[in-house]
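In full-length UniProt numbering, the protein residues as written are 4 to 432. For glycine and all other residues, C-beta sits at the position ideal for the given N, C-alpha and C.
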Ligand code: PMP
């Protein structure tokens, strides 16, 4: 998105646009809509794609190596499931853990264990540090920020570029501040702006000098296979590049099947260096005797292999693509050429990021709510809920049906036109 949007309209045009927006808004409120664009949830028809899983495993309860999946044990997770996801997540099978139903839990537990026990390479545990900080590329994912806030970890925003976080800023900060222990990255089809990290960005993250010996890249590859086009984006292999650069323990890699199979009953993954994997398994062993291996086996039977995952994702795309196209079409038709907003056109993932004029996002969200259209709170894409420009709005098009979505996005554009024109005319008055 373009941070320097400047309105291209003269005063007369602007006044006409505002007057039209006012009557459109009155009409919108009159309609009494009740629509929800807040969270990136799969729609019911997407979940139906995995309905066949509910009667699996059908081939017995034994894993390939004879393990009885109904019993305790197997902390690492089923090997055949880890094999399916090894290539997709760019982690060798031996260094990949398959866990429970949520990768966010694994991220949370990684932070908690780093607080309570020194990481490989650390002088001491994070809880004994006076101050801990994480870099947060913005706009970013609110749950990453909330997790850090809960443990008193300071959040330092870093601007995003079209190639990922601004690496000049990242390199400078991590080189000078040993209290910066991590950075949050959603490297492919980022939440919310759809950015994919360039090879150069990944190479610099892997090779940069950090003042902290226990610095970690929290690589949340939540949308690794969630393509919306015929040309799937490939990102560089962080784990391999870190090892090549002499920083093998730097990456913590996460993924899950939440938006592949079932969002509440999928499988999560953690991948890293052998030292980090042993470190995490050692701590996880204190909280569980093993994951739900029946669910692992169910996923293996349903997805079969890497090609099976990609084929299943093609079905998701058939359902999602028309929704993302509708968002693009409506935004372009209603706001294109006005200079009142700019937006992302993601090639995958679950979100569109809409940038409105500075100082307008909160008011747009408030007006939309008054018209029955629920949006993610403005500011949620920034640490502490504070978007200093008050301009980013996250749109989550996946859950509503197409007609509802079209009504919601059209309504949203009315709010954008209303708030932006009122603001501009107020400034001119
Ligand atoms: N990471 C990102 C970037 C996400 O967008 C989401 C879901 N919205 C998650 C993690 C949650 O993943 P899980 O369901 O595996 O906990």
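query, result
"Helix, strand or coil at residue 186 [DSSP, three-state]", "strand"
"Alpha-carbon to alpha-carbon, residue 274 and residue 281", "11 angstroms"
"Same chain, Cβ closer than 7 angstroms to residue 238, neighbours up to 5 away in sequence not counted", "190, 191, 199, 200, 205"
"Proximal residues to residue 94 (C-beta, below 7 angstroms), its chain only, five neighbours per side dropped", "242, 256, 274"
"Nearest neighbour of residue 383, chosen from 147, 130, 49 [CA to CA]", "147"
"Beta-carbon separation (whole angstroms), residue 240 vs residue 276, contact threshold 8 angstroms", "Residue 240 to residue 276, Cβ: 13 angstroms. No contact."
"Check whether residue 344 and residue 419 have beta carbons under 7 angstroms apart", "yes"
"Among 30, 160, 224, the one whose alpha carbon lies nearest that of residue 417", "30"
"Sequence-distant residues of the same chain with beta carbon closer than 7 angstroms to residue 196, five excluded per side", "4, 142, 163, 347, 356"
"Cβ pair count under 8 angstroms reaching 3, the segment 257–269 against the segment 284–291", "no"
"7 angstroms Cβ cutoff met for residue 91 and residue 246", "no"
"Nearest-angstrom Cα separation, counted from residue 59 out to residue 183", "45 angstroms"
"Endpoints, beta strand (DSSP E) assigned at residue 137", "136–141"
"Straight-line gap, residue 8 to residue 342 (C-alpha atoms, nearest Å)", "The predicted position of residue 8 is uncertain, since its pLDDT is 45 and thus under 50; a value taken from the coordinates is nonetheless stated next. Taking the straight line joining both Cα atoms gives about 6 angstroms."
"Any non-hydrogen atom of the ligand PMP within 6 angstroms of residue 194 CB", "yes"
"CA-to-CA distance, residue 365 to residue 394, given in whole angstroms", "8 angstroms"
"Element boundaries [alpha helix (DSSP H), containing residue 377]", "Counting along the chain, residue 377 falls outside any alpha helix (DSSP H), though it belongs to the beta strand (DSSP E) covering 376–378."
"Identity of the residue in 304, 77, 138, 108 nearest residue 167 by Cα", "138"
"Residue 411 versus 386, 307, 254, 331, residue with shortest Cα-Cα distance", "331"
"Per DSSP, the bridge partner or partners of residue 222", "188, 256"
"Nearest neighbour of residue 157, chosen from 173, 145, 136 [CA to CA]", "136"
"Limits of the unbroken alpha helix (DSSP H) element including residue 101", "No alpha helix (DSSP H) holds residue 101; the beta strand (DSSP E) holding it covers 99–101."
"Rounded distance between the beta-carbons of residue 75 and residue 292, thought under 8 angstroms", "4 angstroms"
"Backbone secondary structure at residue 275 - three-state DSSP", "coil"
"Terminal residues of the beta strand (DSSP E) in which residue 193 lies", "It is not in any beta strand (DSSP E) - residue 193 carries neither H nor E in the DSSP assignment."
"Cα-Cα separation between residue 134 and residue 177, rounded to whole angstroms", "14 angstroms"
"C-alpha gap between residue 361 and residue 370, whole angstroms", "16 angstroms"
"Stretch-stretch touch, CB-based, cutoff 8 angstroms, three pairs: the segment 47–59 with the segment 67–74", "no"
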